[in-house]
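Sequence positions in the sequence shown follow this note's numbering and run 10 to 221.
Since the structure comes first, as C-alpha cells, the remarks are kept for the end.
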Amino acid sequence: MSKKTAIITFCLLLVSIGNLFSAHPFLTDDYGTVTKGVVEIELGNDFQPGQKTGSSYLNLKHGLTDRMEIDLTFSYEYPQTSPLNVFFKIHILKGSTVNLSAGISHDLGKDAYDYILILSQQYGNLAVNFNIGGIDNFNAFILGISPVFSLNDRLSAGLDVSSQIKDDIQSLSIGAGITYTLEENLTVSAGGFVDIKNNSELNLSFGLTMDL
Numbered sequence: 010m011s012k013k014t015a016i017i018t019f020c021l022l023l024v025s026i027g028n029l030f031s032a033h034p035f036l037t038d039d040y041g042t043v044t045k046g047v048v049e050i051e052l053g054n055d056f057q058p059g060q061k062t063g064s065s066y067l068n069l070k071h072g073l074t075d076r077m078e079i080d081l082t083f084s085y086e087y088p089q090t091s092p093l094n095v096f097f098k099i100h101i102l103k104g105s106t107v108n109l110s111a112g113i114s115h116d117l118g119k120d121a122y123d124y125i126l127i128l129s130q131q132y133g134n135l136a137v138n139f140n141i142g143g144i145d146n147f148n149a150f151i152l153g154i155s156p157v158f159s160l161n162d163r164l165s166a167g168l169d170v171s172s173q174i175k176d177d178i179q180s181l182s183i184g185a186g187i188t189y190t191l192e193e194n195l196t197v198s199a200g201g202f203v204d205i206k207n208n209s210e211l212n213l214s215f216g217l218t219m220d221l
C-alpha cells in the first residue's frame, strides 16, 4: 500500500468506526459473498447533518467457503450500543447473469431471527439487486430494489428503494450511492437516503471496506 493510500485510510478510519441486509452504501444487499479464507472489514457511519444522533458500525466478514460467509456486526447508535449481530449468507444459485443468495440474521440476546432472499440480475454493466425478507420472526417484511451501474473499473453508482411493511408500509426509503476502488482491496463508499413515508431528513452514510 502506498504512503498516500495509507494516509487516506487512516483519515477514513477516524471518521468511520449500516444496515442489516445491505451492501454499503445501499440499503439493498447484493448476492456476493467473501472468498474462502478472506476477511473483509467494513466500517461505516450514518448521520443526519445538523443532528446529534447517528450510528456507526464495524462489520467483519469471513469466507467459510467460496459461496458462504459469516458476518459479525458491532454497532453503536447514539447514545447506546446495539447487540452483536451474526449473519450467515449463502450463494445458492450461480449463473452468468442471474444469481440467488439467502441469509439469516440474529441479534445475540434476542429471540427473533431475520431472513433475506437476494436475487441479482446482470445486464452488461448494470446490476439490479432485489431483496425480500422477513424480520423479527416474520412479524414484518422488507422489500428492496437497487440498480447499480459500473461506470468503469473503479467507480460504480446506483439508486436504492427499500421498504419495511407491517400491516401497512412502515418506511419507504429512497436514495443513491457511489463506490470507488482506491486499490484492489480497498474501497470507499458514500450515499444519501430519505424516508419519504415518515418525512425524515436526509441521512448521509460513509464507509470503508478492506479485504485482508
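Virtual Cβ for every residue (Gly too), placed ideally from N, Cα, C.
Does the structure place the region 59-69 close enough to the region 81-99 that three or more beta carbon pairs sit under 8 angstroms? yes
Three or more C-beta pairs below 8 angstroms linking the region 195-211 and the region 37-48: no
Identify, in the order they occur along the chain, each residue of the same chain with its Cβ nearer than 6 angstroms to the Cβ of T218, setting aside the five sequence neighbours on each side. E51 and T196
Determine whether the beta carbon atoms of T101 and A121 lie at a separation below 9 angstroms. Before going further, note that residue 101 is Ile rather than Thr in the sequence given. Taking 9 angstroms as the Cβ cut-off, I101 and A121 do not qualify as a contacting pair.
Use the C-beta contact count for E78: other C-beta atoms within 10 angstroms, 16 or more gives buried, fewer gives exposed. buried
Can you find at least 3 beta carbon pairs, one from the region 148-155 and one from the region 110-119, that sit closer than 8 angstroms? no
Three-state class that DSSP yields for D162 in the structure shown: coil
Can you look up G41 in the DSSP assignment and give me helix, strand or coil? In the displayed model, G41 falls within coil according to three-state DSSP, outside both helix and strand.
Could you give the residue range of the beta strand (DSSP E) that holds F35? No beta strand (DSSP E) holds F35; DSSP gives it neither H nor E.
Indicate the three-state DSSP secondary structure (helix, strand or coil) for T62 in the structure shown. coil
For N208, name the three-state secondary structure that DSSP assigns. If DSSP states are grouped into helix, strand and coil, N208 belongs with coil.
Here's the rule I'm using: 16 or more other beta-carbon atoms within 10 Å means buried, otherwise exposed. How should P34 be labelled? buried
Can you check DSSP and say which residues form a bridge with N138? S129 and S155
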